[in-house]
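These notes are about the structure you will find just below.
Protein chains: 2
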Amino acid sequence: MRKCVATVSVSGTLTDKLDAIAAAGFDGVEIFENDLLTCPLPPEEVRRRAADLGLSIEMYQPFRDFEAMPELDLRRAEHKFRVMERLGAGLLLVCSNVSPRALDDDELAAEQLRILADRAAGHGIRVAYEALAWGRHVHDYLHSWRIVRLADHPALGVCLDSFHILSRGPDPIGVEAIPADKIFFLQLADAPILAMDVLQWSRHYRCFPGQGGFDLPGFLSHVLAAGYRGPLSLEVFNDHFRQADARRTAVDAMRSLIALEGAAHPAAAPDGFAFAELTGADLDGPRAVLAALGFTRSGTHGTEPAELWEQGRARIVLNHTGQAPALGAIGLETPDPAGSLRRAESLIAPPLPRERAPGEAPIHAVTAPDGTQVFFCRTAQPYGRREDFTPAAPPAGPITHIDHIALTQPWHHFEEAELFYRSVLRLRPQESLEVPDPYGLLRSRAMTGPAGGVRMVLNVAQVGGAGLPAQHIALACDDLRALARRLRAEHPGLLLPIPANYYDDLAARHGADPELRELGVLYDRDEDGEFLQLYTLTHGRVFIEVVQRIGGYQGYGAANAPIRLAAQRAH
Amino acid sequence: MRKCVATVSVSGTLTDKLDAIAAAGFDGVEIFENDLLTCPLPPEEVRRRAADLGLSIEMYQPFRDFEAMPELDLRRAEHKFRVMERLGAGLLLVCSNVSPRALDDDELAAEQLRILADRAAGHGIRVAYEALAWGRHVHDYLHSWRIVRLADHPALGVCLDSFHILSRGPDPIGVEAIPADKIFFLQLADAPILAMDVLQWSRHYRCFPGQGGFDLPGFLSHVLAAGYRGPLSLEVFNDHFRQADARRTAVDAMRSLIALEGAAHPAAAPDGFAFAELTGADLDGPRAVLAALGFTRSGTHGTEPAELWEQGRARIVLNHTGQAPALGAIGLETPDPAGSLRRAESLIAPPLPRERAPGEAPIHAVTAPDGTQVFFCRTAQPYGRREDFTPAAPPAGPITHIDHIALTQPWHHFEEAELFYRSVLRLRPQESLEVPDPYGLLRSRAMTGPAGGVRMVLNVAQVGGAGLPAQHIALACDDLRALARRLRAEHPGLLLPIPANYYDDLAARHGADPELRELGVLYDRDEDGEFLQLYTLTHGRVFIEVVQRIGGYQGYGAANAPIRLAAQRAH
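Protein chains in written order, with full-length UniProt numbering: chain Y, 1 to 571; chain L, 1 to 571.
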């Protein structure tokens, strides 16, 4: 299906917007009126620019407060028709009236819209009537369809907008009652599930499909079942996107439509971590931590300044590149690395160009929006990154595998990151949490793969002030108390100190366990099981956590996160 | 009355918070539990620190989900009592239960709270019971008082929180029904009027009294009428304050309480602008604009590199100091400059230290939180800044006075700036607006003095991305069309170009007026009158607007603001 986006969805001037939208591969645009009014180019020139970029102008919007008024006002509409003719836009969006002067009279609304459509038809223009969720009398899509049916004019149809429909209720099956030739346009937007004034929700928090909590695939299936085959058009008002780079937002928008359409390459989901890579000019700190945790240096890269450290199925590469220590790459185990790469590329992930020496394994890797390199590997087969290393000592110890990876996102790219990891890696997002830090709030969302072997946590500092929180690798351990005891004895100063007051509170909540206090281990419990955690100090932008899951505990110790964040700040 | 603040209201570690709170002159604190848990110091040391800083620990909070449970759990409470004894805190806040396990049984709630209070009394501790606005069964303050009355224990009283009460309704007169000796504590918070989930509203948007939309003076008067004479304590959860400098927030907090108590020096409000001062190393641009607008250089400062430009009652000082051109100072006409200065100082505004040459007029000036210098002057008398200038040519022309001044605030200091201008200058805030800019949203709030002679607009870029918008001086003109005609003819390139598409839309809305298009003048109209606007280009961080108010128009041309912002971006 043709893919479109409203110009209001991305930042910048109208010409910047058109350039960015075209570069992301869209077929057309809706021109948001304010973008035209603020543009120094005449409509004819905007039309030419769009055509040169291969973009059709699908709709001009919005035209407000027209129908069901005590008096019919066609003067304003005639002005708009002239602008649309100059612009080459053949469809006008009329939003349901919000004026206090509007009458609750469907017959009158239909009569006035019929006259408007008739005038529009004289200019070769059609009119799409949309029920705003906060319309004064018309706020339901079936009500707008009733009025269109009453008006009964070939140039008048409805515009369906997923936000206006899904914000009022989860079941849009009534869409199937509307004949396809009367659905003139389809606008798509997702949104987080928020309990707030619907107008504010719409104007500030909309996001692209797959970034919020609405069932957009279900919604689209009803619209397709009705027979609609027109464009899929994104209309998103979002405070973050308004400030972000337009080209980046447009790519994010396109990725959301590809995923929604189910048009991505259908590779199997990754089912485990193959490795994590730390980069840095000086990696002595992380190396000492790995050695203390019982990792063994098991290989050296043939051509790169990189070492492989292993224990159980946990593999960490130390790659001497870049500046301060950071989490540079993650490797994911997948049944078909080439297929996973094709899936990522079909979702507009840039493949990683890397010079390969002869004899090195082929690379299947892309760069995520946050700069993390994502490798697809099959460690059981002679492929992937593992094989470039000359193996040495066999690994063994209490650490069994990588439990999860926590990545950090700048505050205004959280939605983009979430969609990327969700669509490319088929991870399912869990509930979003807010964690107090001494200098702000951290928003955190865990994402899990279908088989449970891939767990990731996306963290974002709420706004800019506090700087980016650190990234981390969480290692799974089968006897964390023993490990902590050994580390305390043999490596004083390696672990993050936990305040004693925490243990007083823990005793109040769960009963006293003096060993936890002595070892500096954090504890959580829920109905499914128990969780133990310890942290090493931060090196550069990265630290290592060790966790032990006891029973069926599936969480990440959220109750302990404020303690950890404050302790890290104290260092 | 004693002034307190909850540690959660400011950023940082617990010791940072205590330092900042003491430095702002508070008498005591509520210790928020999470701040203690994350603190590496034992409670005894926190107690000593607070005492050394002259701060009492008034309350420990919150204790959750205790009352009306199927089983009585005193173990957790006994732990808290021990912590409180170490901390030296004599009052525990118990919030109404939010657990789904809580029973809707006032008798049971009262019975369990009575037992809790009795145990507390054994430790010399009292218990304050508070109805959370989102409590499961108890969410009204009179309901919490009913339960306290049923429990009937001397160590049990209520805690009244203005947010929990005013978020549920505007009339708190029932407070007067509670005996003063049963109101154990008073927590104060304001909030903007938002239609959203009350828990999210409370946790993210609370602000200090005078920064939101609640009637805090009315609320306080009821509590005082009930006979309460305990501390006034601020408890504010705010996403901006969490990230701001703790010392600055604490001063802001103290200012809010001084203003709320009516303890500021009662000087008369300013009633007009005496002058505006532009600073900059190179002021040739603004000087040329002033000359083109018909201003006359009417004086030179005796000792400073400053010139006075005048026309009508509009006075602009060009002061050759600083870097890029900016709005450095505003002068306000006030009947009693020394009294106005005393008022500002009583609201913790730092007085402006400035070396005065012999014979110069005395200065009555303070620095606002945004760095703007605010002078109090009486131009009709031999006082204030005006008299330091040697007068030259007499001023005359179409510009009559300064209509308003628009100042720019960093996004995380908007509440502070609003309270400062509101309390120090007695300005009344009008509705807050959001204006789309090509790279974000601008939040804008006009404030007007009681006599109408002082109008200010506070603008803030919604978050950091787009940078600070420019400040401006808006000059009132009695024939803006004539002025624009002359400027177009004699000074091409001086005015901000306005896109032609704007005039097509204006014609659709208000009818065609070809002269406006030709002159590049912006237009607005409402039921009270008409408004004309033009803008000069921006120099450094500042530009000049000229406005003409026709009839009773009181606005600022909000509908035109997106056009102006986009046009400024285009330059």
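All C-beta atoms in this analysis are idealised placements derived from N, C-alpha and C, irrespective of residue type, glycine included.
Here the structure is a predicted model, which means the values were calculated and not measured.
Segment limits, beta strand (DSSP E) that includes residue i
| i | result |
| --- | --- |
| ASN501(Y) | No beta strand (DSSP E) contains ASN501(Y), which is instead part of the alpha helix (DSSP H) from 500-510. |
| ASN34(L) | Here ASN34(L) belongs to no beta strand (DSSP E); instead the alpha helix (DSSP H) covers 33-37. |
| ILE330(L) | 326-333 |
| GLU67(L) | That residue, GLU67(L), is in no beta strand (DSSP E); it is neither H nor E in DSSP. |
| GLU78(L) | Premise fails: GLU78(L) lies in the alpha helix (DSSP H), 75-87, not in any beta strand (DSSP E). |
Three-state class that DSSP yields for residue i in the structure shown
| i | result |
| --- | --- |
| GLY384(L) | The pLDDT assigned to GLY384(L) is 44, lower than 50, so where the model puts this residue is not dependable; a value taken from the coordinates is nonetheless given after this. Coil. |
| GLN409(Y) | strand |
| GLN61(L) | strand |
| LEU150(Y) | helix |
| SER56(L) | strand |
| SER202(Y) | helix |
| ALA561(L) | helix |
| PRO351(L) | strand |
| ILE21(L) | helix |
| ARG525(L) | strand |
| ASP403(L) | strand |
| THR15(L) | helix |
| CYS429(L) | Looking at the sequence provided, one finds Pro at residue 429(L) rather than Cys. PRO429(L) falls in the strand class under three-state DSSP. |
| ALA570(Y) | helix |
| GLY210(L) | coil |
| VAL547(Y) | strand |
| GLU530(L) | strand |
Those residues which DSSP pairs with residue i across a bridge
| i | result |
| --- | --- |
| LEU441(L) | PRO436(L) |
| TRP309(Y) | ARG297(Y), ILE316(Y) |
| GLU130(L) | CYS95(L) |
| ASP161(L) | GLN187(L) |
| GLN471(Y) | VAL542(Y) |
| LYS3(Y) | LEU232(Y) |
| VAL424(L) | Its beta-bridge partners do not exist; DSSP assigns none. |
| THR367(L) | GLN373(L) |
| GLU30(Y) | ALA6(Y), MET59(Y) |
| ALA276(L) | ILE316(L), ILE330(L) |
| THR448(L) | ARG428(L), ARG455(L) |
| VAL460(L) | GLN409(L), ARG443(L) |
| LEU156(Y) | VAL127(Y) |
Under 8 Å from the C-beta of residue i: neighbouring residues of chain A
| i | result |
| --- | --- |
| ASN34(L) | The structure shown contains no chain A; its protein chains are Y and L. |
Opening and closing residue of the alpha helix (DSSP H) in which residue i lies
| i | result |
| --- | --- |
| THR538(L) | Note, THR538(L): premise wrong, no alpha helix (DSSP H); not H, not E. |
| SER221(Y) | 216-225 |
| ARG486(L) | 480-490 |
| GLY339(L) | 337-346 |
| ARG378(L) | Segment: none, ARG378(L) is in no alpha helix (DSSP H) and carries neither H nor E. |
| ILE173(Y) | It is not in any alpha helix (DSSP H) - ILE173(Y) carries neither H nor E in the DSSP assignment. |
| ASP252(Y) | 246-261 |
| ASP106(Y) | 106-122 |
> Using a beta-carbon distance cut-off of less than 7 Å, what residues from the region 357-372 of chain Y approach chain L?
Replying inline: The region 357-372 of chain Y vs chain L, Cβ under 7 Å: nothing.
> Taking any Cβ of chain L, which residues in the region 501-513 of chain Y have a Cβ under 8 Å from it, in chain order?
Replying inline: Of all residues in the region 501-513 of chain Y, ASN501, TYR502, ASP504, ASP505, ALA507, ALA508, ARG509 have a Cβ within less than 8 Å of some Cβ in chain L.
>> Residues of the region 7-21 of chain Y in Cβ contact with chain L at a cutoff of 7 Å, in chain order, please.
In response: Flagged, chain order: SER11, GLY12, THR13.
> What residues in the region 216-246 of chain L bring their beta carbon closer than 7 Å to a beta carbon of chain Y?
Replying inline: Residues ASP239, ARG242, GLN243.
> Going along the region 189-212 of chain Y in order, which residues come within less than 7 Å of chain L, judged by CB to CB distance?
Replying inline: Hits within the stretch, in order: ALA195, MET196, ASP197.
>> Tell me which residues of the region 434-458 of chain L have at least one Cβ-Cβ distance to chain Y shorter than 7 Å, keeping chain order.
In response: Going along the region 434-458 of chain L in chain order, one finds PRO436, PRO438, TYR439, GLY440, LEU441 with a Cβ nearer than 7 Å to chain Y.
> Of all the residues that make up the region 535-548 of chain L, which are near chain Y by a beta-carbon distance shorter than 8 Å?
Replying inline: Of all residues in the region 535-548 of chain L, none is placed with a Cβ closer than 8 Å to any Cβ belonging to chain Y.
> If you measure beta-carbon to beta-carbon, which residues of the region 72-87 of chain L are closer than 7 Å to chain Y?
Replying inline: Residues ARG76, HIS79, LYS80, VAL83.
> Residues in the region 271-295 of chain Y with C-beta within 8 Å of chain L's C-beta atoms, listed in sequence order?
Replying inline: Listed in sequence order: no entries.
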